[in-house]
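Encoded as C-alpha cells, the structure appears first; notes follow it.
There are 2 protein chains.
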Amino acid sequence: MAATVVATHERADAAERILRAAIALFRERGYHGSSMRTLARALRMEAASLYYHFASKQDILFAILDRTLDGLLDGVGRAVAAVDGPPARLRAAVRFHVLFHAHRQHEAFLSGSELRSLTQANLRLVLARRDEYERVFRGLLSVGARAGVFQVGDVRLTAMAILTMCTGVATWFSDRGRLAPESIADRYVEMILRSVTRHPKGSPS
Amino acid sequence: MAATVVATHERADAAERILRAAIALFRERGYHGSSMRTLARALRMEAASLYYHFASKQDILFAILDRTLDGLLDGVGRAVAAVDGPPARLRAAVRFHVLFHAHRQHEAFLSGSELRSLTQANLRLVLARRDEYERVFRGLLSVGARAGVFQVGDVRLTAMAILTMCTGVATWFSDRGRLAPESIADRYVEMILRSVTRHPKGSPS
DNA sequence: CGTGCTACATAACGAACGTTAGATAGGTAT
DNA sequence: ATACCTATCTAACGTTCGTTATGTAGCACG
Numbered sequence: 038m039a040a041t042v043v044a045t046h047e048r049a050d051a052a053e054r055i056l057r058a059a060i061a062l063f064r065e066r067g068y069h070g071s072s073m074r075t076l077a078r079a080l081r082m083e084a085a086s087l088y089y090h091f092a093s094k095q096d097i098l099f100a101i102l103d104r105t106l107d108g109l110l111d112g113v114g115r116a117v118a119a120v121d122g123p124p125a126r127l128r129a130a131v132r133f134h135v136l137f138h139a140h141r142q143h144e145a146f147l148s149g150s151e152l153r154s155l156t157q158a159n160l161r162l163v164l165a166r167r168d169e170y171e172r173v174f175r176g177l178l179s180v181g182a183r184a185g186v187f188q189v190g191d192v193r194l195t196a197m198a199i200l201t202m203c204t205g206v207a208t209w210f211s212d213r214g215r216l217a218p219e220s221i222a223d224r225y226v227e228m229i230l231r232s233v234t235r236h237p238k239g240s241p242s
Numbered sequence: 038m039a040a041t042v043v044a045t046h047e048r049a050d051a052a053e054r055i056l057r058a059a060i061a062l063f064r065e066r067g068y069h070g071s072s073m074r075t076l077a078r079a080l081r082m083e084a085a086s087l088y089y090h091f092a093s094k095q096d097i098l099f100a101i102l103d104r105t106l107d108g109l110l111d112g113v114g115r116a117v118a119a120v121d122g123p124p125a126r127l128r129a130a131v132r133f134h135v136l137f138h139a140h141r142q143h144e145a146f147l148s149g150s151e152l153r154s155l156t157q158a159n160l161r162l163v164l165a166r167r168d169e170y171e172r173v174f175r176g177l178l179s180v181g182a183r184a185g186v187f188q189v190g191d192v193r194l195t196a197m198a199i200l201t202m203c204t205g206v207a208t209w210f211s212d213r214g215r216l217a218p219e220s221i222a223d224r225y226v227e228m229i230l231r232s233v234t235r236h237p238k239g240s241p242s
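Take a look at the structure:
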C-alpha cells in the first residue's frame, strides 16, 4: 500500500503526463492542429491507450483549462487576502497574474486561445469561472475608485486593459529571455498602478 | 471593357469574398478547425472551386495575415507622420493600433493567434514585418525617454506591454458593445500616456 | 496457483481532410 | 460560327482523423 503510494509519486502518473504533453502540443500546434496520434507519440504510447485515461480529446482540453482556472482563482484569492487596501491588493493581484502567466505560460495561453475549441457545455463552465476571475479585478478597481485612491474612467474597460496586458505575457515570455518573471511583474505592477492612481493635482499630460 | 470594370466592382470579386469569409471562419473555429468544404459552403461554392482562386488553404491564411500587416504598417506610418513630438506620436500610434484592432478585429486577431499555422517560410515573412511594426513603438518610447518626457524602465518590455494591451482589444471588442472604438482608444491612450509619462516630482505611489 | 485488475498494444472502423483531374456552362473576341 | 477564357462543377485520390473493440503482459491478492 505505502509502496504503491511511493511508486505513484516517484514519477507523475499517466494522466498527469498526458496533460503535460498535451499542454505543450496544443500550445505549439493548436487543439485542432494536434492529433491523438501525435500526442501519443510524444509519450511513447499508442493513440488508443490515451483512451484508458481520458474519454476523449475534448476531455483532455477541458481538463487543462479547468485546472488552469483552478490555479487562477485559488491564486488570486490568496494573493488579495494577504494584504489590505485597494492599492496593495491590486498590486498583489497584478503581480500574481503576471507570475502565473510566466510560470504556467503554456496552459495560461491555452485558456485564452482554445476556448473556441471547447464544446458548448464545457465552454459555459469555463467562461463562468473566467468571469468570476475578472470580477475580482473589477471589484478591486471599484473599491479603490470609490475610496478615491484610484481614478478609472470605466471599471470594466480598465479591468480588461489590465488583464489583457498581463495575459499577453504568456504569448511572448521566454524562460531563456532577458527578463525574469519577477522583474516583469514588478514593471507591470508599476505601470498599472501609475495608470490608475489618482493624481491629486492636475493630470500628467 | 468599361462594363467589365464596373461589373467587377459591383460586388467584390471572388478572391476578396473568399478572404472575407475565411477571416470570419478562421476566427471562429481556427485555421485547423476550419475545412475548405466549410469555407466553400459559406460562399455557396464547392470546395474544389476555391482552388481556382488560391493554390492552397495555406495561401488563404497567408494572404489574410499579409494584408493585415500591410494595413498595420501603412497605418501606423501615416499616424505618426502626421504629428510631432514623442507624446503626440505615441498617442497617434496607440490610437491607430486600438482603432485597427476594433475595426478590423477578426483579421487582427488572426495575425496573433494563427501564426503557428503558417508554414516556416510564410512565418518568417510575417514575423519580419511584425518586428518592423513593433520597432515603431520601441522607437517612439526610446526617443521620448532620451528626450526626458517618458520614463520607461525597459523599452522593449514597455513596448510589449502597450502592444499586447491594445492587441487584446481584438479579443473582446464587440460591435454591439457598450463602448465605441473611439471611446476605447481615448481611454487606452490616456492610460498608456499616464504610465509612461515622466513625473517631475516623486512617483505617484 | 489462479483470478482479476491495471495499463498498455494491435487492428480496424467510418468519416472527414486537402487536393487534383476532368467536364461544362456562359460569356467574350475573332 | 468558332474558338477561347473564366469560373464553376462532379468525382475521386490517398491520407489522416477520433474513436472503438479486442488482446495481453505484469502485478496484487486470495
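From first to last, the protein sequence lines stand for chains H and E.
Just so you know, we're using the working numbering here: the first sequence kicks off at 38 and counts up by one.
Just so you know, we're using the working numbering here: the second sequence kicks off at 38 and counts up by one.
Even for Gly, the Cβ is constructed at its ideal location relative to N, Cα and C.
Quantities reported herein were computed from a predicted structural model and do not represent experimental measurements.
So residue i contacts chain E; which residues on that side make the cut at Cβ distance below 9 Å?
| i | result |
| --- | --- |
| H/Val66 | Sequence check: residue 66 of chain H is Arg here, not Val. Going along chain E in sequence order, the residues near H/Arg66 (Cβ under 9 Å) are His69, Arg153 and Ser154. |
| H/Thr201 | Thr201, Met202, Cys203, Thr204, Gly205, Val206, Thr208 and Trp209 |
Measuring CA to CA, which of the options is closest to residue i?
| i | options | result |
| --- | --- | --- |
| H/Arg162 | H/His143, H/Leu98 and H/Arg126 | First, the residue type needs correcting, since residue 162 of chain H is Leu and not Arg in the sequence shown. Nearest C-alpha to H/Leu162: H/Leu98. |
| H/Ser148 | H/Phe133, H/Leu164 and H/Ala158 | H/Leu164 |
| E/Val233 | E/Pro218, E/Ala198 and E/Leu155 | E/Ala198 |
| H/Val113 | H/Met82, H/Ile101 and H/Tyr170 | H/Tyr170 |
| H/Arg54 | H/Ile101, H/Ser71 and H/Ala184 | H/Ile101 |
| H/Ala79 | H/Gln188, H/Val135, H/Arg66 and H/Leu62 | H/Leu62 |
| E/Glu227 | E/Val131, E/Phe137 and E/Ser150 | E/Val131 |
| E/Ala139 | E/Gly122, E/Leu109, E/Tyr89 and E/Arg74 | E/Leu109 |
| E/Glu219 | E/Ala129, E/Phe187, E/Glu65 and E/Asp96 | E/Ala129 |
| E/Arg104 | E/Ala118, E/Ala92, E/Ala52 and E/Ala119 | E/Ala52 |
| E/Leu127 | E/Arg66, E/Ser72, E/Met202 and E/Arg175 | E/Arg175 |
| H/Gln142 | H/Arg74, H/Leu177, H/Cys203 and H/Gly70 | H/Cys203 |
| H/Ser154 | H/Leu56, H/Gly70, H/Asp168 and H/Ala58 | H/Gly70 |
| H/His134 | H/Arg57, H/Gln157, H/Val173 and H/Asp96 | H/Val173 |
| E/Asp107 | E/Lys94, E/Ala92, E/Pro124 and E/Phe137 | E/Phe137 |
| H/Glu65 | E/Ser150, E/Glu83 and E/Leu178 | E/Ser150 |
| E/Asp121 | E/Leu177, E/Asp96 and E/Thr156 | E/Leu177 |
| E/Thr201 | E/Ile229, E/Gly181 and E/Gly185 | E/Ile229 |
| H/Pro123 | H/Gly181, H/Gly67, H/Leu152 and H/Ala217 | H/Gly181 |
| H/Asp223 | E/Val189, E/Gly67 and E/Glu83 | E/Val189 |
| H/Thr156 | H/Gln95, H/Leu216, H/Val186 and H/Phe91 | H/Gln95 |
| H/Gly185 | H/Ala125, H/Arg81, H/Arg235 and H/His90 | H/Arg235 |
| E/Leu87 | E/Arg167, E/Ala217 and E/Asp50 | E/Asp50 |
| H/Leu56 | H/Arg74, H/His90 and H/Glu83 | H/His90 |
| H/Leu152 | H/Thr75, H/Ala116, H/Tyr68 and H/Pro237 | H/Tyr68 |
Starting from the beta carbon of residue i, find every residue of chain E whose beta carbon is closer than 8 Å, and list them in chain order.
| i | result |
| --- | --- |
| H/Arg224 | Gly190, Asp191, Leu194, Thr195 and Ala198 |
| H/Met73 | Result: empty, since nearest Cβ-Cβ is about 14 Å, beyond 8 Å. |
| H/Thr161 | One point to set straight first is that residue 161 of chain H is Arg, not Thr, in the sequence displayed. Result: empty, since nearest Cβ-Cβ is about 17 Å, beyond 8 Å. |
| H/Arg183 | Near H/Arg183 there are no residues of chain E at all, since even the closest Cβ is about 19 Å away, more than 8 Å. |
| H/Arg126 | The premise fails here: H/Arg126 is roughly 13 Å from chain E at the closest Cβ pair, so nothing lies under 8 Å. |
| H/Pro175 | Looking at the sequence provided, one finds Arg at residue 175 of chain H rather than Pro. Within chain E, no residue comes near H/Arg175; the closest Cβ sits about 13 Å away, beyond 8 Å. |
Name, please, each residue of chain H whose Cβ falls closer than 7 Å to the Cβ of residue i.
| i | result |
| --- | --- |
| E/Ile60 | Result: empty, since nearest Cβ-Cβ is about 14 Å, beyond 7 Å. |
| E/Arg172 | Result: empty, since nearest Cβ-Cβ is about 15 Å, beyond 7 Å. |
Along chain E, which residues have their Cβ under 7 Å away from the Cβ of residue i?
| i | result |
| --- | --- |
| H/Ser179 | By Cβ distance, chain E contributes nothing, its closest Cβ being about 16 Å from H/Ser179, past 7 Å. |
| H/Arg166 | Chain E residues near H/Arg166: none, gap ~17 Å exceeds 7 Å. |
Just the chain H side, please: which residues come within less than 9 Å of residue i by C-beta, in chain order?
| i | result |
| --- | --- |
| E/Arg54 | Residues of chain H passing the Cβ test: none, with the nearest at roughly 23 Å. |
Please tell me whether, using a cut-off of 8 Å, the distance from the CB of residue i to the nearest non-hydrogen atom of the ligand HEM is below it.
| i | result |
| --- | --- |
| H/Thr75 | Within the structure as shown, the ligand HEM is missing, as the structure has no ligands at all. |
Could you work out which residues of chain H lie near residue i, taking near to mean beta carbons separated by less than 8 Å?
| i | result |
| --- | --- |
| E/Arg57 | Within chain H, no residue comes near E/Arg57; the closest Cβ sits about 19 Å away, beyond 8 Å. |
Starting from the N-terminal side, write out each stretch of the alpha helix (DSSP H) that is 4 residues or longer and does not extend beyond the region 163 to 236 of chain E. As far as the region 163 to 236 of chain E is concerned, its whole alpha helix (DSSP H) runs of at least 4 residues are 192 to 204, 206 to 209 and 218 to 233.
Evaluate contact between the region 204 to 216 of chain E and the region 144 to 160 of chain E, counting only Cβ atoms and requiring at least three cross-stretch pairs below 8 Å. yes
Beta carbons nearer than 9 Å to chain E: which residues of the region 79 to 106 of chain H have them? Hits within the stretch: zero.
When you compare the region 210 to 218 of chain H with the region 181 to 194 of chain H, are there three or more beta-carbon pairs, one atom per stretch, that lie closer than 8 Å? no
Got a sec: which bits of the region 130 to 150 of chain E sit with their beta carbon under 9 Å from any beta carbon on chain H, in order along the chain? Gly149 and Ser150
Length-filtered (4 minimum) alpha helix (DSSP H) runs lying within the region 96 to 152 of chain H: 123 to 140 and 142 to 150
Using a Cβ-Cβ cut-off of less than 7 Å, give me the residues of the region 212 to 223 of chain E that come near chain H, in sequence order. Residues of the region 212 to 223 of chain E with a Cβ closer than 7 Å to any Cβ of chain H, in chain order: Leu216 and Ile221.
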